[in-house]
Amino acid sequence: MIEYNKRNIRTWSLLGPSGAFGTAALELAETKPDMVMLTADLCFFSGLERFKAAYPDKLYNLGIAEQNMIGVAAGFAKEEFIPFANTYASFCASRCADQVRVNMSYMNLPIKLIGLTAGYGAGILGATHMSIEDISFMRALPNITVISPADCMEIIKVVLAVANTPDPTYIRLTGPMNSPIVYKEDYDFQIGKAVKLAEGDEVCIIATGSMVYQAMQTAKLLEAEGVSCSVLNMHTIKPLDIENVFEANEKHMLLVTAEEHSIIGGLYSTVLEALSKEGTHKPILPIGIRDTFVHAGSYSYQMQESGLTAESMKIKILERLQNL
Amino acid sequence: MADRDLISKCEDAAKRIRRRIIDMTYATGSTGAHIGGSLSIVELFAGLYVGKIRYMADDPNWEGRDRVILSKGHAAMALYPAMVEAGIIDESELESFKKDGSRLGGHPSLNGLPGIEFASGSLGQGLSLGVGTCLALKRKNNNDSRVFVYLGDGECDEGSVWEAAASAGHYILNNLVAIVDMNAIQYDGYTTEIMDMSPFENKWRDFGWDVITINGHSIEEVLNAYDYRGDKSLVILAHTVKGKGISFMENNWKYHNASLSKALYEQAVEELEAAI
Chain A
24 MIEYNKRNIR TWSLLGPSGA FGTAALELAE TKPDMVMLTA DLCFFSGLER
74 FKAAYPDKLY NLGIAEQNMI GVAAGFAKEE FIPFANTYAS FCASRCADQV
124 RVNMSYMNLP IKLIGLTAGY GAGILGATHM SIEDISFMRA LPNITVISPA
174 DCMEIIKVVL AVANTPDPTY IRLTGPMNSP IVYKEDYDFQ IGKAVKLAEG
224 DEVCIIATGS MVYQAMQTAK LLEAEGVSCS VLNMHTIKPL DIENVFEANE
274 KHMLLVTAEE HSIIGGLYST VLEALSKEGT HKPILPIGIR DTFVHAGSYS
324 YQMQESGLTA ESMKIKILER LQNL
Chain B
9 MADRDLISKC EDAAKRIRRR IIDMTYATGS TGAHIGGSLS IVELFAGLYV
59 GKIRYMADDP NWEGRDRVIL SKGHAAMALY PAMVEAGIID ESELESFKKD
109 GSRLGGHPSL NGLPGIEFAS GSLGQGLSLG VGTCLALKRK NNNDSRVFVY
159 LGDGECDEGS VWEAAASAGH YILNNLVAIV DMNAIQYDGY TTEIMDMSPF
209 ENKWRDFGWD VITINGHSIE EVLNAYDYRG DKSLVILAHT VKGKGISFME
259 NNWKYHNASL SKALYEQAVE ELEAAI
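As given, the protein sequences belong to chains A and B, one line each in that order. Under the numbering used here, think of the first position of the first sequence as 24, with each following residue one higher. Under the numbering used here, think of the first position of the second sequence as 9, with each following residue one higher.
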């Protein structure tokens, strides 16, 4: 049994998103006899080294053939196994687009697809390995649950939780190795239920994935400027926790969405679509990746270039507040 | 070797299936249907559904069943009448083919119709599904069921087919049978002119498959091929005629997807009845 204690939380953070995924995968192998793990030549990269050593017969490495991997996963799902499949997020969403659409969405087969290094996690390798549009694609497909965990402990909770649902699910992993810790202790995680991490009354930052930590830092910076700020961890993008979005809209003057993803089709679009159905809503400031490819570079360089740091967010929010 | 009684039973079924295909196409009116590639696959289905399939019509989810995957989903119009022959669906349901709200779509979908394992229609995906299903059956220690995946020769232009073929070879899936309906014509013309995949047999062998090449309209050859058991995945390369059985459709790429006027429908029926 995985223990959610301070020591483990620190270790998972050091391991980073893939290491956390691998830890959860190992736990699943021990507790879910019907779980199988598929990868496309990313066994070690996705943190499955220990999994491979302990459960070699549960691991199917399909080679560099992601589209086939999705089809093979669908075969397992149809025969009532619980298939997890992983590859770079960019390949989940765009290279395998049709396989995901037909097998996971149309046929509603409960494949659990893990998108590694979503956002800028592999941005050093250039735009081919950046994944800044995967939420946009996945959420447009019926039946697919879309989750973007905030830190390494949440990754573990998500991976364990999705093994118990009958839904096809896409999990995008963001953040670097030695990943910032959002949750210092255990908490209650439920798919589709946002988590309030800070409560203020002027601004509410609705954040997902790696941007949850940045949002919390931003809230502290704003506090120092005399601005009271809430933070909502919107780990599940589909189905959206509409209740919490409406509540945030009612209680605050300004809403901010924060995502390591294009502002087209991601969390910003999701929140805006939900609110606009209800008529008028508070102003929404989108923090995300503008409609372009950032030059290849380190994770921190790309986050800075895209304005995805607490300092940059603080400035934008203060500017927006002045113009309300 | 296949016995004479079974051969003639399957041949009779093939005649009924072919006749139903003509009726179903005519009933679609001006919409038309994928008639050419449905007529080419008739004996391949008759041999399976009447001759060889492990299936219990009263228990569609029986674990011991053979799994059938129609990767060339546009041949659904031949699949449904073949399923009638096996008692999986009622003949009366064929009248609903391609109608609003029908379970019998132009491509198979997962809509409660028994006997359909997967939806298809987007070419190049069925063999991967077959590989996954075979691996899953082996995990379950189900050594009785086989997985039959029906592909078109034009479909084999898709790169994903070869990703799947490589993985079947890698995992040595002796419970996998791929059948390629080699009617030699795709949407825009002859496969040799559009995208020549020859030497086709060598490609499968090189990926680690056993290869049997047959006349796909000879029930005897079809049944014998289905009886083959080896240590590897098996591909049956079935040479067929697009539009088989109707003179004006045979080898005519215009009948890949077509409608039938009353006159042409009557001519087609006449030709089929003369053959009986």
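Glycine included, every Cβ here is placed at the ideal spot set by N, Cα and C.
With a threshold of 9 Å between beta carbons, is glycine 109/B in contact with chain A? False, the Cβ-Cβ gap to chain A never drops below 9 Å.
Where does leucine 245/B land, buried or exposed, given buried means 16+ other C-beta within 10 angstroms? buried
On a Cα-Cα basis, can you pick out the residue from His115/B, Ala22/B and Ser269/B that is closest to serine 79/B? His115/B
Short of 8 Å in beta carbon distance, which residues of its chain neighbour glutamate 258/B, apart from the five on each side in sequence? Order them along the chain. Excluding positions up to five away in sequence, the list reads Val249, Lys250, Gly251 and Lys252.
Are glycine 134/B and isoleucine 77/B close, meaning C-beta to C-beta below 9 Å? yes
Endpoints, the beta strand (DSSP E) within which isoleucine 105/A is located: 105 to 111
Counting Cβ pairs, one atom from each stretch, are 3 or more of them under 8 Å apart for the region 161 to 175 of chain A and the region 260 to 268 of chain A? yes
In angstroms with no decimal places, state the Cα-to-Cα distance between tyrosine 78/A and serine 175/B. Between tyrosine 78/A and serine 175/B, the alpha-carbon positions lie close to 20 Å from each other.
Cut-off 7 Å between Cβ atoms - residues of its own chain near asparagine 267/A, not counting five sequence neighbours on either side: Ala217 and Leu255
Give the secondary structure of alanine 141/A by DSSP, where H, G and I count as helix, E and B as strand, and everything else as coil. Secondary structure at alanine 141/A: coil, using DSSP grouped into helix, strand and coil.
Counting only Cβ pairs nearer than 8 Å, list the residues of chain A close to glycine 139/B. Checking the sequence shown, residue 139/B turns out to be valine, not glycine. The contacting residues are Asn91, Gly94, Val95 and Gly98.
Does the CB of serine 226/B have a neighbour CB from chain A at under 9 Å? no
By a C-beta neighbour count over all protein chains shown, 10 Å radius and 16 as the cutoff for buried, is arginine 33/A buried or exposed? exposed
Cβ distance (whole Å) where lysine 305/A is taken to contact methionine 336/A below 8 Å: Their Cβ separation, rounded to whole angstroms, is 17 Å, which puts lysine 305/A and methionine 336/A out of contact at 8 Å.
Give the interface partners of lysine 285/B over in chain A, defined as CB-CB distance under 8 Å, in chain order. There is simply no residue 285/B to check, as chain B begins at 9 and stops at 284 in what is shown.
Taking the beta strand (DSSP E) that threonine 192/A belongs to, which residues open and close that run? 192 to 195
So the alpha helix (DSSP H) threonine 241/A belongs to, where does it begin and stop? Run containing threonine 241/A: 234 to 247, per the alpha helix (DSSP H) assignment.
Using only the alpha-carbon positions, how far apart do methionine 60/A and isoleucine 134/A sit? 10 Å
Residues bridged to alanine 221/A [DSSP beta-bridge criterion]: Val254/A
Assigned exposure category for glycine 302/A - 16 Cβ within 10 Å defines buried: exposed
Which residues of the region 124 to 137 of chain A have a Cβ closer than 7 Å to any Cβ of chain B? Give them in chain order. Val125, Tyr129 and Met130
Local conformation of proline 89/B per DSSP, three classes: helix
Do you know how far the Cα of isoleucine 137/A is from the Cα of lysine 55/A? 18 Å
Leaving out five residues on either side along the sequence, give the residues of the same chain with a beta carbon under 6 Å from the beta carbon of proline 203/A. Only Tyr236 meet the Cβ criterion.
Are glycine 311/A and alanine 281/A touching if we call contact CB-CB under 9 Å? yes
Phenylalanine 156/B - partner residues in DSSP beta bridges: Val76/B and Val185/B
Quick check on the DSSP output: the alpha helix (DSSP H) that includes isoleucine 202/B runs from which residue to which? 199 to 202
CB of alanine 319/A within 9 Å of CB of isoleucine 147/A, strictly: yes
9 Å Cβ cutoff, proline 165/A in contact with chain B: Interface criterion not met: the Cβ of proline 165/A is under 9 Å from no Cβ in chain B.
Classify glutamate 273/A: buried if its beta carbon has 16 or more other beta carbons within 10 angstroms, exposed otherwise. exposed
May I have the straight-line CA-CA distance separating alanine 43/A from asparagine 151/B, to the nearest angstrom? 36 Å
Run through the DSSP bridge pairs and tell me what proline 309/A is partnered with. Thr280/A
Within chain B, partners of leucine 85/A - CB distance below 7 Å: Ser175
Distance CB(isoleucine 30/B)-CB(isoleucine 43/B) smaller than 9 Å: yes
Measuring only the C-alpha atoms, how far is isoleucine 96/B from alanine 186/B? If you take the alpha carbons of isoleucine 96/B and alanine 186/B, they lie about 22 Å apart.
Scan the region 151 to 166 of chain B for residues whose Cβ lies nearer than 9 Å to a Cβ of chain A and list them as they occur along the chain. Within the region 151 to 166 of chain B, the residues whose Cβ lies closer than 9 Å to some Cβ of chain A are Val155, listed in chain order.
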